[in-house]
Structure formats: C-alpha cells, structure tokens
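When the sequence shown is numbered by full-length UniProt numbering, its final residue is 304 and no position is left out of the sequence of numbers. Backbone N, C-alpha and C define an ideal beta-carbon position, used for all residues, glycine too.
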Amino acid sequence: MTSFGGAVELHGHRGARGLRPENTLPGLAFALELGVDAIEFDVGLTADEVVVLNHDQAFSPVNVADTGPANPGDPGFPYVGRPIRELRLDQVKTLDAGIRRRSDDDPFKLTHQPLPGTPVPTLAEACALLSRAPGVDLAVELKTDPSWPDADVALFTAAVAQVLSAFDLLGRSRLLAFDWRVLLEARRYAPRAARVALIEAKTLVPGTTWLAGMEPDDPARAALDIGATVLSPEHVLADLDLVGAAHSLALPVVVWTVNEPDEMARFIGYGVDAIVTDYPDRLRNVLKQHGLPVPRPLRTQPLG
C-alpha cells in the first residue's frame, strides 16, 4: 500500500490540468516531466466494460469534441454529452480529448496548451505509461454517485482493480471516491491499494447518501470507520481543526484543488500531507521556497 514519506507530497490534478489536456496520456506525461509524487486522474466504465479516463460521467463539450461516428449511420452519434456507461470503446476512441473550449471565465485560458487529436485513453494505456515512472503513485478517482446500484459500483471497482493488478500497480495506487461505497468495494477487490475518502460540502449535508451510511458531522472519524486510509477534503473545508482531527486518527490529509501560491503556503503551514494542484510547476516552486523536497522529473519514452 502507498504511504506518505513525511514531506508534503505534490499531486498533479488530472495530470497537469492547468497546462495540458486533462486525463490524457500527454497530460500525464507532462506532469511526470515536471516532477510529481502522484498523478490524480478520473475514470469511468464504458458499455463494453472498459475503464477509460474522463472526469465527468458524461463527456463534456468543454474539453472533448466529436470527430465523427465510429460506424456510418451510428444512431448513438454524436457522443459528446452522452454518459460513458452508454458508449462502447470504439465510440469513445473517436473523441478528441486534446481540445479546450475557450471562454472568458475559463480559469486556464492563459496557461493551457491544447493538443488537438489526442484520444481518450483507457486505464490500461495510462498504466502502461505510469508503470515506467517508478516512485510515482496513481490516484485513481472512480466516478460514481449515490444513484448507482450497489452491483454497478462493485462491477466498476472490480474492473479498475483488475487493470491495476494486471500492471502490478496496486501497491502504488490509491482509489479515490466521493461515493464511499467504492471504498467498501476497494477493501474487497484491491486490498493492497490505499483508500481515499473524498469530501466536499455537498457530500456532508445532513441525511447525505454519499457516505455509505456514515454520519457527516465528524468526517475524519467517519472516513476511518468506513475503512479509508486517507482523508481528502476540498480546500475550503480543510481548516486546522479538520487536519488535526484526521491526524489524531493517523489519517493523512490530501487537500484539493489548490492553485494559488499563497494558498499552497497556507496548507503547508497547516501540516497537510499532500496538495493536489492543476499547476505542479507552481507547487514545486512553493515547496522549494519552504525548504521542502520536490519530486524528481521523469521523462518517459513514447509508447508504441
């Protein structure tokens, strides 16, 4: 199982979302070249039960574009906007994940470099890349929600664990979820992997269905009781009290998503164990300014 080494870890969010197309092989490779301790990315399950990388449960026109149908006259086309669970892999592979729709309120409009023609990768393709990056952990977020039947959550978790196991990466992996049923299934299907309990404001309301029956008033204790090995709060929730409560239970704290240097410095001061950022380059600079170690850059060889 992955472990934290005592310093503040640097986690690249969706690769390096602020700089390169998110959840793509070039984005993951760029994060490795900058130097990260772990790479966070998101996965979904296709209709033919292949695990692929994408943040939302449906493909968003913000960062994915149709290029044409998988087969002439495909009634499922266009694919953008449709849930991953309704699309086959051959349909998913027609999509261009290297673009980004520009808008005035896009926080990445000045820093993001599009790479048109970049396909949506499978988890197996991502593992093939990351298996050649020793020392870098995989933080794999499984995208489900409380509307999913329990059987589908189990199927998805098992599929993710099977791919990671095939590449002998379970020992370098952390399975992340807001839907804490995933953490229960991860204990069954991926006992060697760390289990990361994600929380944000909407998952901590009274009567929440996100926490697999746990009460939201003490999220650190609830995460421990559900079997999590890491607590990962949204940055607006990560105050000193929450960090202290988690640490009192020996739960490392991974805060997300922090992009401004002053905020990075604040969380370093709080004693968090890792910071997730869209800008690994910025966090590297802040860590150096605080006299903290930074992960070494890794240049991977092209696949194929």
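Work out the CA separation of residue j and residue i for me, nearest whole Å.
i    : j    : result
E22  : P119 : 11 Å
G171 : P206 : 35 Å
N54  : D239 : 29 Å
G117 : Q91  : 15 Å
D56  : P121 : 14 Å
G304 : A246 : Reliability fails at G304, whose pLDDT of 48 lies under 50, so the model's placement of it is uncertain and no value is given.
T46  : L287 : 39 Å
D262 : Q289 : 12 Å
M1   : A228 : Any reading at M1 must be qualified, since the residue scores a pLDDT of 48, below 50, and its modelled position is unreliable; the value itself is stated next. The alpha-carbon atoms of M1 and A228 are separated by roughly 12 Å.
L237 : A220 : 12 Å
G98  : I226 : 37 Å
F267 : W148 : 34 Å
I39  : L95  : 23 Å
The alpha helix (DSSP H) with residue i in it runs from where to where?
i    : result
E185 : R181 to Y189
L142 : Note, L142: premise wrong, no alpha helix (DSSP H); beta strand (DSSP E) at D137 to L142.
Please report the Cβ distance between residue i and residue j, rounded to the nearest whole angstrom; I am assuming they are in contact, meaning their Cβ atoms lie under 8 Å.
i    : j    : result
V254 : H235 : Going by Cβ atoms, the distance from V254 to H235 rounds to 11 Å, so no, they are not a contact pair.
E9   : D37  : 4 Å
G18  : H112 : 6 Å
E141 : A194 : In fact, because the Cβ distance is near 13 Å, the residues do not count as touching under 8 Å.
V153 : D179 : 7 Å
Classify residue i: buried if its beta carbon has 16 or more other beta carbons within 10 angstroms, exposed otherwise.
i    : result
S173 : buried
P83  : exposed
E86  : exposed
G12  : buried
P233 : buried
T24  : buried
A29  : buried
T67  : exposed
A151 : exposed
L292 : exposed
L110 : exposed
R132 : exposed
With residue i as the anchor, note down where its beta strand (DSSP E) starts and where it stops.
i    : result
S173 : S173 to A177
H247 : That residue, H247, is in no beta strand (DSSP E); its alpha helix (DSSP H) goes L240 to S248.
F30  : Run containing F30: none in the beta strand (DSSP E); it sits in the alpha helix (DSSP H), L25 to L34.
Closest Cβ-Cβ distance between residue i and chain B: below 7 Å?
i    : result
A133 : Checking the listed chains, one finds no chain B in this structure; it contains a single protein chain.
- When the Cβ atoms of the segment 100 to 116 are set against those of the segment 57 to 68, are three or more pairs found closer than 8 Å? yes
- Counting pairs of Cβ atoms below 8 Å between the segment 144 to 161 and the segment 189 to 203, do you hit three or more? yes
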